[in-house]
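Engineer: Starting off with a structure, shown below.
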Amino acid sequence: MSAILKTQKLRVEFRSREMRQAVKVALAGLDLEVRAGEVFGFLGPNGAGKTTTMNVLLGFVPPTSGSASLFGIDVRQPIARQRIGYLPELTYYYKFLTAEELLRFYAKIFGLPRSEADKRIDQLLKLVELEHARKRPIKSYSKGMQQRVGLAQALINNPDLLILDEPTSGLDPLGRMKVREIIQRLKDEGKTVFFSSHELGEVETVCDRVAIIHQGELKAVGSVHDITGRHASLEKSFLEIIGFQTQPTP
Amino acid sequence: MKNIFAVAGIVIKELYRRKDFYVLFIVTILICLVMASVNIFNDAKIVRYLKEICLLLIWICSLVVAVTTTARQIPAERENRTLLPLLAKPLTRPQLLFGKFLGCWLACGLALLCFYVFFGALSAAREHQWPLLDYFQAATLHWFMLGIVVAMVLLGSLVFAAPSSNNTICFVVIGGILFVGRHLDQVALTMHEPLRTVVDSIYFAIPHLELFDVRDLVIHNWPLIPWLYFSLALLYALGYMAVFLAGACLVFRRKAVN
Amino acid sequence: MNSPRTIFLLLVALLVSCFGLAAHLQPQFEAWRGSRAAGDIFNVVLGDSRRIFANSFYVKADEYYHSGYYPTIFDDKAAFQTAHMAADTGAVNDKNHGDEHGFLGPPRDWIDAFGRHFFPDRHTHLDEGGADDDLSGSENVREILPWLKLSADLDPDNVQTYTVTAFWLRIRMHKVAEAEAVLHEGLRNCPDSYDILFELGRLYDESYHDTGRARNVWKLALDKWLKLDSDSQKDNRLIFEQITTHLAKLEEDAGNLSEALNWYQAAQKVSAAPAALQARIDDVQKKLRAFIPVTPQKLY
Chain F
1 MSAILKTQKL
11 RVEFRSREMR
21 QAVKVALAGL
31 DLEVRAGEVF
41 GFLGPNGAGK
51 TTTMNVLLGF
61 VPPTSGSASL
71 FGIDVRQPIA
81 RQRIGYLPEL
91 TYYYKFLTAE
101 ELLRFYAKIF
111 GLPRSEADKR
121 IDQLLKLVEL
131 EHARKRPIKS
141 YSKGMQQRVG
151 LAQALINNPD
161 LLILDEPTSG
171 LDPLGRMKVR
181 EIIQRLKDEG
191 KTVFFSSHEL
201 GEVETVCDRV
211 AIIHQGELKA
221 VGSVHDITGR
231 HASLEKSFLE
241 IIGFQTQPTP
Chain X
1 MKNIFAVAGI
11 VIKELYRRKD
21 FYVLFIVTIL
31 ICLVMASVNI
41 FNDAKIVRYL
51 KEICLLLIWI
61 CSLVVAVTTT
71 ARQIPAEREN
81 RTLLPLLAKP
91 LTRPQLLFGK
101 FLGCWLACGL
111 ALLCFYVFFG
121 ALSAAREHQW
131 PLLDYFQAAT
141 LHWFMLGIVV
151 AMVLLGSLVF
161 AAPSSNNTIC
171 FVVIGGILFV
181 GRHLDQVALT
191 MHEPLRTVVD
201 SIYFAIPHLE
211 LFDVRDLVIH
221 NWPLIPWLYF
231 SLALLYALGY
241 MAVFLAGACL
251 VFRRKAVN
Chain R
1 MNSPRTIFLL
11 LVALLVSCFG
21 LAAHLQPQFE
31 AWRGSRAAGD
41 IFNVVLGDSR
51 RIFANSFYVK
61 ADEYYHSGYY
71 PTIFDDKAAF
81 QTAHMAADTG
91 AVNDKNHGDE
101 HGFLGPPRDW
111 IDAFGRHFFP
121 DRHTHLDEGG
131 ADDDLSGSEN
141 VREILPWLKL
151 SADLDPDNVQ
161 TYTVTAFWLR
171 IRMHKVAEAE
181 AVLHEGLRNC
191 PDSYDILFEL
201 GRLYDESYHD
211 TGRARNVWKL
221 ALDKWLKLDS
231 DSQKDNRLIF
241 EQITTHLAKL
251 EEDAGNLSEA
261 LNWYQAAQKV
271 SAAPAALQAR
281 IDDVQKKLRA
291 FIPVTPQKLY
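Quick note, the sequences are listed as chains F, X and R, same order. Residue numbering for the first sequence follows this note's numbering, beginning at 1 and increasing consecutively. Residue numbering for the second sequence follows this note's numbering, beginning at 1 and increasing consecutively. Residue numbering for the third sequence follows this note's numbering, beginning at 1 and increasing consecutively.
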């Protein structure tokens, strides 16, 4: 299977103004590959470099050195984003728009014809169960509804690759279950999903492969089964990989 | 272009769904109607003071709409994190900026249209005439002036830390240009070097917004501005819009989005 | 110290102190009411700065008289020291000199040259056609009236505002009743003003043709003028000349030639153009000699 998402020796450095131009290395030579049709979990503790990696892939942050590509196109080209969908961790969207107007706006940016956009909007609102609220302004939505709108906008262009940054963050168990169902459905349709999460139980359930990143370095990559290895759960394995010493149980 | 128009459409929707414009419009109407009801020596034909008050209010309101609407565009996108899903689409940063500019400028144009229609109705009620070409020239020059203001404020929103500071600085600069911009060269003559050179440079560098303020011509029924000079003024405005937008693109290119 | 009871008691004590202080100061405040006693909203809100606003609105009226073609503080104002709308009434000392048509001077640079197409660039007067050179529209001078009214409201002590307003109302707008009302309001605020009385006399004479009232009012104006000290009289000779010449004309038209002669002679003493008045005096003297009554002869 070909790599849809690829990074080669990706390095990102930030210069800190407070520390008199001291350099902070966010990513130190990351080599990563995500194949077509797989659900890929991107794990790491806070500050590991997960969001930085996503920002590079989405063109928000230029790499200091190395390369990143989507579908073989350098991420700095806007056309690289034509076939992806992105759900950021925290979003509030345009409060004065309705869900339908928001989706129509994003559909226009993707250049979808009106009739196709209408059909797609109907499908997505049904999928994320927001049909009853399509004409209400987003400012009246609950957190869960806003997250679902976010998922809908990430899918508006029927993307081949979905990049989700902690998609179940802030959701109740029912909401998390629905997101897992959507991810599974997308996988069945042959889409590729690349997502980061702190919910290791979820990752174990849906992911084909995972990568663990810590302090900007890739620590482990492989199938869930391979990563879990001799440990009872992915969580224990994760903690060992990042170097956290667990207290022995009395 | 479709991306630019899509972003512009959102800005226009925002204008007519917020209350700012309606409040300003209603306040303008109320003040003008109160002024119109004043009995001045039993003469119902006195109209120029009314035109002046109405046009002054229109100018103040339009500047408030232009500056406040534009100043919050990019900072609000950043604060609400709507910038991330937007730039994750096949939309470049220059397209986003042009879309915001076009949206704010068109929104100002729509607001101006409402104001000038009211102005025309108010003056026609007393003067019983419709100098449409004069109003067209005045409104068009006003709109293009707002285009310069929008481009300038958009650049300011990328340079200054907060919308409030951008608002304040832009209002001060715009007010300064409108009141004394035309006379800076005379002020420079009264100064010694090197201050004279500095003030002279400022005089030639600033966009002369006062050129677009033709209220006196409209109020006192002066003949039309020659169309050649009218067109040159519009080109002058387009030039400054391009300069400010180019500056904004350069600044935005290097700015972090999160 | 921080207990709610202590805080409450402190607040009550503070409240009582405030009321006590206010009650103690009330008599002094009443004695000091000053301009607040006038009850005028402009007085209360603006205080003495209302005169600055009044002056700027008076200048605004002159700007309207010129259809917007008016010097700013950066331009040469030598030709606009006396408002043209006042100077054209013929009732004020005209201190203007210099070029009223070209106070801007030649364009200083290309921006200035280009910019002159976007604001008024020609000297005109509203009662002489205005910006569109419409000589039939001399009543357009009505447009200066709102600013004059506002100026008078803000500074009721400025005599010139009333006289100028009344002049234009009467002469161009043919609104004699309104002009009279303005002058009466001026007299209420400035009871010793000979300028206003003179203008009122002109109204009675020229518009109502009521020579009796005109005479009385002009004589009252003269009395007011005569009560001035000598320095003030020296500075206000023009109005004395105007009153006396108008009285002279009135008496001459009424056939009271000796009275007319006295008034002309009084005017000649202060006139800047005594020769012109001498011609009038000679004319009246000629008429007087021709009018000497002949003693009727007994026919039987």
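Just so it is clear, CB atoms sit at the ideal spot from N, CA and C, and this is done for glycine as well. Only a predicted model underlies this, so the values are computations on that prediction, with no experimental measurement involved.
Which ranges does the beta strand (DSSP E) cover as unbroken runs of at least 3 residues, wholly within the stretch 158–184 of chain R, from first to last along the chain?
Structural biologist: none
Engineer: Along the chain, where does the alpha helix (DSSP H) containing E116(F) start, and where does it finish?
Structural biologist: 114–127
Engineer: Pull out every residue of the stretch 11–30 of chain X whose Cβ sits closer than 9 angstroms to any Cβ of chain F, in chain order.
Structural biologist: K13, E14, R17, R18
Engineer: Starting from F194(F), follow the beta strand (DSSP E) in both directions and report where the run begins and ends.
Structural biologist: 192–196
Engineer: Identify the contact partners of K9(F) in chain X, using a Cβ-Cβ distance below 7 angstroms as the criterion.
Structural biologist: Residues of chain X passing the Cβ test: none, with the nearest at roughly 23 angstroms.
Engineer: Along the chain, where does the alpha helix (DSSP H) that runs through K143(F) open and close?
Structural biologist: Segment 143–154, the alpha helix (DSSP H) holding K143(F).
Engineer: Return no unless some Cβ of chain X is closer than 9 angstroms to the Cβ of D109(R).
Structural biologist: yes
Engineer: Could one say the Cβ of Y141(F) lies closer than 9 angstroms to chain X's Cβ atoms, at least one of them?
Structural biologist: no
Engineer: Quick one: using the 10 Å Cβ neighbour count with 16 as the cut-off for buried, is C18(R) buried or exposed?
Structural biologist: exposed
Engineer: Going by beta carbon distance, what residues of the same chain come within less than 7 angstroms of E14(X), once the five residues before and after it are set aside?
Structural biologist: none
Engineer: Between the stretch 83–100 of chain X and chain C, which residues of the former have CB atoms less than 7 angstroms from a CB of the latter, in chain order?
Structural biologist: Absent here is chain C; the protein component of the structure consists of chains F, X and R.
Engineer: What do you reckon, are the CB atoms on E33(F) and K50(F) nearer than 9 angstroms?
Structural biologist: no
Engineer: Secondary structure at V210(F), three-state DSSP: helix, strand or coil?
Structural biologist: strand
Engineer: Express the C-alpha separation of A267(R) and K298(R) in angstroms, rounding to a whole number.
Structural biologist: With a pLDDT of 47 at K298(R), under the threshold of 50, the modelled position of that residue is not reliable, and the figure given next carries that caveat. Using only the alpha carbons, I get a separation of about 43 angstroms.
Engineer: Which residues does DSSP pair with K24(F) in a beta bridge?
Structural biologist: Answer is F14(F), bridged to K24(F).
Engineer: Once the 5 residues before and after Y300(R) are set aside, which same chain residues still bring their CB inside 7 angstroms of it?
Structural biologist: Only weak support is given to the placement of Y300(R): the predicted model assigns it a pLDDT of 42, under 50, and the question is left unresolved by the model.
Engineer: I'd like to check one pair, V61(F) with A256(X): are the Cβ atoms closer than 9 angstroms?
Structural biologist: With respect to the 9 angstroms criterion, A256(X) and V61(F) are classified as neighbours on the basis of their beta carbons.
Engineer: Comparing alpha-carbon positions, which option in A48(F), G41(F), R15(F) lies nearest H214(F)?
Structural biologist: A48(F)
Engineer: Residues of the stretch 101–128 of chain R in Cβ contact with chain X at a cutoff of 8 angstroms, in chain order, please.
Structural biologist: R108, D109, I111, D112, F114, G115, H117, F118, F119, P120
Engineer: Helix, strand or coil, according to DSSP, for F42(F) in the structure here?
Structural biologist: strand
Engineer: Please go through the same chain and pick out, in chain order, the residues whose beta-carbon is closer than 7 angstroms to the beta-carbon of F101(X), but skip the five residues on each side of it.
Structural biologist: These residues qualify, in order along the chain: V150, A151, L154, L245.
Engineer: Hey, how far is the Cα of F71(F) from the Cα of I4(F)?
Structural biologist: Straight-line Cα distance between these residues: approximately 5 angstroms.
Engineer: In the DSSP output, what is T7(F) paired with across the bridge?
Structural biologist: L32(F), A68(F)
Engineer: What does the Cβ neighbour count give for V214(X), buried or exposed, with the cut at 16 atoms within 10 Å?
Structural biologist: buried
Engineer: Going by beta-carbon coordinates alone, are Y16(X) and L110(X) separated by less than 9 angstroms?
Structural biologist: Annotated as proximal: Y16(X) and L110(X), with beta-carbon spacing under 9 angstroms.
Engineer: I need the boundaries of the beta strand (DSSP E) containing V221(F), first residue and last residue.
Structural biologist: 217–223
Engineer: According to a CB-to-CB cut-off of less than 7 angstroms, which residues of the stretch 173–189 of chain X neighbour chain R?
Structural biologist: R182, H183, D185, Q186
Engineer: State the Cα-Cα distance for the pair L164(F) and L30(X), rounded to the nearest angstrom.
Structural biologist: 52 angstroms
Engineer: Whole angstroms is fine: what's the gap from V199(X)'s alpha carbon to A188(X)'s?
Structural biologist: 6 angstroms
Engineer: Can you tell me where the beta strand (DSSP E) holding Y86(F) begins and where it ends?
Structural biologist: 84–87
Engineer: Which partner residues does D165(F) have in the DSSP bridge list?
Structural biologist: S196(F)
Engineer: If Y65(R) and H84(R) are in contact, beta carbons under 8 angstroms, what's the gap, nearest whole angstrom?
Structural biologist: 6 angstroms
Engineer: Leaving aside the five residues before and after I219(X) along the sequence, list all residues of the same chain whose C-beta is less than 8 angstroms from its C-beta, in chain order.
Structural biologist: If you ignore the 5 residues before and after I219(X), its C-beta comes within less than 8 angstroms of the C-beta of R48, K51, E52, L55, all in its own chain and listed in chain order.
Engineer: Alpha carbon to alpha carbon, what distance is there between L217(X) and S136(R)?
Structural biologist: 20 angstroms
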